[in-house]
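Asks: Please read through the structure below; I'll follow up with questions.
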Amino acid sequence: MTGPYLLPAHLDPAQPRYQARFAVEVDGRRVTAHAGQTVAAVLMSLGLTAWRECGGRGRRRGLFCGIGVCAECVLVVNGAPDVRACLRSVEPGDVISTRGSGERG
Ligand code: FES
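So the sequence shown is numbered by the working numbering: it starts at 6 and just counts up by one.
As structure tokens, this is what we get:
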């Protein structure tokens with residue numbers, strides 16, 4: 006799309022550098038992610054705002070601070086537990102599990 010106030014996409018300095026899309030797996034479901042997204046952004050694009058339970062009490066946890074401080078967003082990425090979803094950028098082929106991490110309470 007072009008117009009008098011729009012630059013062609015290839016000349017737009019605000020154009021995102023990476024347009025690549027790739028597949029990742031979230032709880033066994035194959036989904037499309039965009040390069041540069043955090044794991045939390047991918048989950049939120051799927052409509053998930055809370056992805057783990059606080060040990061035994063059933064309280065749902067997800068994104069809270071969004072800057073790596075609170076650890077409310079931890080999950081499992083490629084088998085590594087306690088990965089902060091708000092800090093970790095997705096990579097092609099990542100296997101993300103919202104279960105089995107940070108369930109201590
Ligand atoms: S939301 Fe607080 S560490 Fe990720």
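Built from N, CA and C at the ideal position, the CB exists for glycine as well.
Since we're looking at a predicted model, the values are computed, not measured.
Please go through the same chain and pick out, in chain order, the residues whose beta-carbon is closer than 6 Å to the beta-carbon of glycine 110, but skip the five residues on each side of it.
Replies: Counting from one through the sequence shown, the residue named residue 110 turns up at place 105. Legend: pLDDT at glycine 110 = 44, less than 50; position of this residue unreliable, value from coordinates given subsequently. Within the same chain, glycine 110 has close Cβ partners Cys59 and Gly60.
Asks: Return the residue from the list Leu48, Ala55 and Gly41 that minimises the CA-CA distance to glutamate 30.
Replies: By 1-based counting over the sequence shown, the position of residue 30 is 25. The option with the nearest alpha carbon to glutamate 30 is Leu48.
Asks: Is cysteine 78 near the ligand FES - that is, is its Cβ less than 7 Å away from at least one heavy atom of it?
Replies: On the sequence shown, residue 78 is found 73 positions in, with the first residue counted as 1. Yes, the Cβ of cysteine 78 comes within 7 Å of a heavy atom of the ligand FES.
Asks: Buried or exposed: which applies to leucine 51, given that a residue is buried once 16 or more other Cβ atoms fall within 10 Å of its Cβ?
Replies: Locating residue 51 in the sequence shown gives position 46, counting from the first residue. Looking at its Cβ environment, which holds fewer than 16 other Cβ atoms inside 10 Å, leucine 51 is exposed.
Asks: Any idea if leucine 80 is buried or exposed, counting beta-carbon neighbours within 10 angstroms, 16 or more meaning buried?
Replies: Position 75 of the sequence shown, counted from the start, is the residue given in the question as residue 80. Buried, by the Cβ-count rule.
Asks: What is the residue span of the beta strand (DSSP E) that leucine 80 lies within?
Replies: The residue you call residue 80 lines up with position 75 of the sequence shown. Note, leucine 80: beta strand (DSSP E), 79-82.
Asks: Along the chain, where does the beta strand (DSSP E) containing serine 102 start, and where does it finish?
Replies: On the sequence shown, residue 102 is found 97 positions in, with the first residue counted as 1. Where serine 102 is concerned, the enclosing beta strand (DSSP E) stretches over 100-102.
Asks: Just grab the DSSP bridge partners of threonine 54 for me.
Replies: Numbered from 1 along the sequence shown, position 49 holds the residue referred to as residue 54. According to DSSP, threonine 54 bridges with nothing at all.
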